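Numbering (this note's numbering), first residue to last: 43 to 869. In this text, a Cβ means the ideal position worked out from N, Cα and C, and glycines have one as well. It should be emphasised that the depicted structure is a prediction, and the values quoted were computed from it without experimental measurement. To start, the structure itself, in C-alpha cells.
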RNA sequence: GCGAAAGUGGCGGAAUUGGCAGACGCGCUGGACUUAGGAUCCAGUGAGGUUAAACUCGUAGGGGUUCGAGUCCCCUCUUUCGCACCA
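Okay, here's the thing in C-alpha cells:
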C-alpha cells in the first residue's frame, strides 16, 4: 500500500499558502536569514535540475525557519534574452506572451514541488516595472562615470547576431549557443568594472565561498605588477607605451611587437602607400579564429613594419614588428620584446633572425648567445645595462622603474586581464539602454520621469541581420529631451547579465514604484545569507553581481560589501554519466515522478544521492528506495499513531529494557548527527541517512504495544523525531505525520528536533583491541573504566592472548572510548 | 603546459580531530508471506580462505612517517574542472 502522497501534498501546499508561512515579514523580532537560489530562465517546463537546485534552497529555508529565523526565500525569472526570443519565433508568437505563459506554467510546477517561496516578491526581468529600475541604475552609473562608449573590435556571434563580453566567450565560442565568435568593429556601451578590479580581488568580506570560485575570479582578473614605459617612434613625437613585468630586461629589447589591431598599425594601414604584405597579414590575423590565435601552440608569425622606435633608456633603435601573438586587450597592447629573456620573443626572433642581447647573466652558468636553445627567464646578474650592471636582477626591477619615472619615460603600474564589461546587445528582447542620440547634443540620457523606455510590442521578431528595434520608426524617432531637435533612440539593449546583477536587492522591496528598492529594506535583508547556484556562473554572473553590488553600496543603497555571504555551487543531475539533455535523450520528467511517487520522494532522492555540491547520478532504483523509505515512515506512524500519541503524554521515568535504552541512545545519537549534518556541515545526504537509521532502530522494536509507560515514552519520542528530521527534505509527509501525532502547530514553528547529551553517553562501551594496528579482539567494559584496568583486561581477551604469544609488549595505548592499541616486537 | 579538486565494494556514497574501512541507500543471493505488488518481512552480501573459525589481502599505483594512515609527507598514474602566448 502506497501512502496517499497526492492528497497530502496538495493539502499542505494549500495550507502553507493560506497561512502565509513563506511570506517574509518586512519586520520581525527574529533575526533575518535570506536564502536565494539563482533564478531560472522561464522555459515553461520544470527541469530535473531545477528540482534538484531548488530542493537545496528549500531545505535550508525550512531548517532556518525551524531554527527561529525570519526567512526570505524569493523566486523570479530571468526572462529577457535570446532563448525567449527564439522560443517566441518557434511558437510563432511574441516573447511577451510566451514568457508570461511559461512563467504561469513554471509557477504551478514550483508549487507542486512544495517549495516554500515568497511569491508576493516575484520579479521577472522582462516586465517594465522591473527593467525600469535597471535603466535607472544604468543612468546612475553613467553619472558616476562608470559607463562609456567605445569603438573597437568586438566579439561577434553570428548566430546570435550580437556582441559578447570577453567573459562570455568560451573557447572561442559563444557561451550560450556555442557558435563561432569573430571580431567585428563596432561602437559599444561599457561598464567600467575595471574600476573595481582591485576590490573584486578581495574576498575577505564573504563568509563562506568555495575556494574554487574565488580562484577562478582571481585568475580571471589576473592582476600583475610592472611598469608602463613609453617608447617613441623614430623621427616623430608619437609615444608607444608598453607594459612589462620585467623592467630589469629593458636594455635587452631588440624589437617591439604590436598586434594588427593596434591603433598605430591601423593608422599605417590607412596610409596610401601602405605595404601590401602588411595589409594581407593584418587582415588574415584579425579574421583568424580567436581561439586558435590565442592558443599557445599557434605558430608565432609576423611582418616587419619598416618602422622603428627608440628605447628611451639607451637610445637603441628598435624594429617594430606586427605579430599574431600580442593581444590588443592586455596591458597597453604593445610589447617590448626581449628575446634573450622571454621564450615567446625568443621563438619569434629565431624565426625571423632578429638580433638578441643578453642583459641578465645566469650566475650558475654563463650564457652565450650562439649556444642558447631557449630564453633565460630566471633571475640573475644585470649586464649590458649601463649603470645597472652588476645588480641583482630582482633589485634592478625597482631601480630601473624608479629611474624611468625620474626621467618621465614611464611609471610603475598595475595591469589586469579583466576588461571592461561590454553590455550592448543588438537584440530586441532586452532592456533598452535609456539613451537618445541627438545630432546637436550628442548622447542624452532619457530623463527619469520618462523611464522606463518601454520595448515596443509591434516588432517582427526573428533572426534579422539588424536590430529589430531599427524597424519601429515611431519608437526610434524622438525629440531630444534637451533641445527638442529630431533625435534617435539608442537601439542596443542591455546584456541580460545586467538584469541579474541586482535582482537579489529588488526582492527586498519588489513593488517599489519610486526607486529600485528602499535602501532601508535592502540594508535589512542583504547580504544574501546563502546563495545557491551552478558553478557555470562562477565568473560571469557572480562577478558582475559583486560589481553592481559594490556600486550600489557606493551609492548608499546597500551597506554590505558583498552581495552573497555564503555560496553553494550545487552539482548537476546526470544520467548515464552525462548531463541530461534533450539531444542525448536522457532526460527525466520531474512532473511524471511527482504524479507517480510524489514531490517528497523526488526531493528525498535528490538530496540523499550525494552531497549538495556534487553531481547527482539519476537512478530509477534509487528513487524507489526513497519512495519505500517514506512509505515505511508512513506505515510506522500511521499504524501506531494512538500508541505514540499516548506515549508522548507520559514521562520516561521507570525501568527500561536494554532494548529500549538502546533505542533511546540511537534516537539521540541520530538527532545529534542530523543537527551537525544539517546546520554545520551542510551534508544533507548523511542527515537523511541518520533519519533512516533512526527509522530502522524504531522498526526493530517489534511489539511497542507491550512496552511499559516509561518505555513507551521513549518509543514515542523517537517516532515524533522523524517528522521533524524529514521536514527540510520531505515537508508534506512530515507535516501530515506531525498532525497525525496530534500537533496543533505547523512544523516550521516547532523548533528543531531536540536531543539530550546525557543520553549520548552509554553505560558500557565496546573497545577494540589492536596489535600493531591489526584488529585482534573486542571487549565490552563500563564507560568510566580506569585505563590501567582496561589495559589489563585487554591483554586477557582470548584472541589477544593467543596473538601475543611469542611477542614482547613495547607499549599499550588507550584511545578513550574507542580502542586499546598494543605495540609489540618479536621476542 | 600551469593551477585546483578528486580517485573507496557490482552502483550512489559514508568514515566530522590520525583510531573498528565500506554507515545509509540501491543492486544481488537465500528464505517467509500472499490482497501477486515498482508490495512487505527475515537473513546474508569487499576479495581470498575455512564445514565453521582463525587468518591473509583490501580505499588508483609505489615509497615514507606512526603503536595505528582512506585521512599526513614524497613520487607516479588517471579523471574532472579552470586557465592557457596576459608581456
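For the region 159-178 against the region 116-131, do three or more pairs of beta-carbon atoms, one drawn from each stretch, fall closer than 8 Å, so that the two count as touching? With the cut-off at 8 Å, the region 159-178 and the region 116-131 touch.
Quick one: complete alpha helix (DSSP H) runs, 4+ long, within the region 739-796? List check, alpha helix (DSSP H) in window: 751-768 and 773-782.
Among 840, 533 and 685, nearest to residue 467 - alpha-carbon criterion: Among 840, 533 and 685, the Cα nearest to that of residue 467 belongs to 533.
Simplified DSSP state of residue 141, which is helix, strand or coil: Three-state DSSP puts residue 141 in a helix.
Rounded to a whole number of angstroms, what is the C-alpha to C-alpha distance between residue 864 and residue 630? In a straight line, the C-alpha of residue 864 is about 55 Å away from that of residue 630.
So the alpha helix (DSSP H) residue 429 belongs to, where does it begin and stop? Counting along the chain, residue 429 falls outside any alpha helix (DSSP H), and DSSP gives it neither H nor E.
Just list the alpha helix (DSSP H) runs in the region 255-314, keeping only unbroken ones of 4 residues or longer that don't cross its boundaries, in chain order. Those alpha helix (DSSP H) runs which fall completely within the region 255-314 and span 4+ residues are 305-312.
Considering only residues of the same chain and omitting the five flanking positions on each side of residue 774, which have a CB-CB separation below 6 Å? 50, 51, 54, 156 and 642, listed in sequence order.
Under the rule that 16 or more other beta-carbon atoms within 10 Å means buried, what is residue 831, buried or exposed? With fewer than 16 Cβ atoms within 10 Å of its Cβ, residue 831 is classed as exposed.
Residues near residue 430 in its chain [Cβ-Cβ closer than 7 Å; skip 5 each side]: Excluding sequence neighbours, residue 430 sits near 424, 438, 441 and 442.
Quick one: grab the DSSP three-state call for residue 479. Looking at residue 479 - three-state DSSP - the assignment turns out to be strand.
Please state whether the Cβ-Cβ distance between residue 225 and residue 195 is less than 8 Å. Their beta carbons are under 8 Å apart, which means residue 225 touches residue 195 by this criterion.
Tell me, please, which residues DSSP counts as bridged to residue 455. DSSP lists 268 as partners of residue 455.
Specify the secondary structure class of residue 370 as computed by DSSP and reduced to three states. In the structure shown, residue 370 sits in coil (DSSP, three-state: anything other than H, G, I, E or B).
Whose C-alpha, out of 265, 837, 668 and 180, is nearest the C-alpha of residue 597? That would be 180, whose Cα lies nearest to the Cα of residue 597.
Assuming residue 608 is part of the beta strand (DSSP E), what are its boundary residues? Taken as a continuous stretch (DSSP letters only), the beta strand (DSSP E) holding residue 608 covers 606-612.
Buried versus exposed, by CB contacts within 10 Å (16 or more), residue 216: In the assembly as shown, residue 216 is a buried residue. Its beta-carbon has 16 or more other beta-carbons within 10 Å.
For residue 839, collect the residues of the same chain with a Cβ closer than 7 Å to its Cβ; drop the 5 residues on either side in sequence, then sort them by chain order. Excluding sequence neighbours, residue 839 sits near 811, 819 and 821.
CB contact flag (residue 376, residue 399, <8 Å): No, the pair does not count as a contact, with Cβ atoms beyond the cut-off.
Best match in 80, 536 and 493 for proximity to residue 463 [C-alpha to C-alpha]: Closest by alpha carbon: 536.
May I ask you to list the residues that DSSP assigns as paired with residue 118? Bridge pairing for residue 118: 165 [DSSP].
How big is the Cα-Cα spacing for residue 417 and residue 350? Straight-line spacing of the CA atoms in residue 417 and residue 350 works out to 24 Å.
Contact check, residue 807 vs residue 834, beta carbons under 8 Å: Contact flag unset, no.
Using 8 Å as the Cβ pair cut-off and three pairs as the minimum, do the region 579-588 and the region 100-113 touch? For the pair of segments examined, the region 579-588 was found not to touch the region 100-113: the number of CB pairs separated by less than 8 Å stays below three.
Helix, strand or coil at residue 365 according to DSSP, with G and I counted as helix: In this structure, DSSP gives residue 365 an extended state, which the three-state scheme calls strand.
With DSSP run on the structure shown, which of helix, strand or coil describes residue 400? Three-state DSSP puts residue 400 in coil, outside helix and strand.
Separation of residue 595 from residue 490, as counted between CA atoms: Whole-angstrom Cα-Cα distance: 21 Å.
Complete alpha helix (DSSP H) runs within the region 309-358 (minimum length 4 residues, chain order): Fully enclosed alpha helix (DSSP H) runs of 4 or longer: 318-328 and 332-335.
Would you mind working out which of 362, 143 and 609 sits nearest residue 295, comparing C-alpha positions? When only C-alpha atoms are compared, the closest one is 362.
Proximal residues to residue 510 (C-beta, below 7 Å), its chain only, five neighbours per side dropped: For residue 510, where only same-chain residues beyond five positions count, the Cβ hits under 7 Å are 470, 501, 502 and 503.
One or two residues paired with residue 174 in a DSSP bridge: Residue pairing of residue 174 in beta bridges, as defined by DSSP: absent, with no partner found.
If you draw a straight line from the alpha carbon of residue 717 to that of residue 138, how long is it in whole angstroms? In a straight line, the C-alpha of residue 717 is about 46 Å away from that of residue 138.
So does the region 658-675 actually touch the region 683-690, counting three or more Cβ pairs closer than 8 Å? The region 658-675, when compared against the region 683-690, does not touch it at the 8 Å Cβ threshold.
Does the Cβ-Cβ distance between residue 764 and residue 733 come in under 8 Å? Yes, they are a contact pair.
Between residue 323 and residue 396, is the Cβ-Cβ spacing less than 8 Å? The answer is no: Cβ separation not under 8 Å.
So residue 678 and residue 740 are supposed to be a Cβ contact under 8 Å. How far apart are they, rounded? In this structure residue 678 touches residue 740 by the C-beta definition: roughly 6 Å separates them, less than 8 Å.
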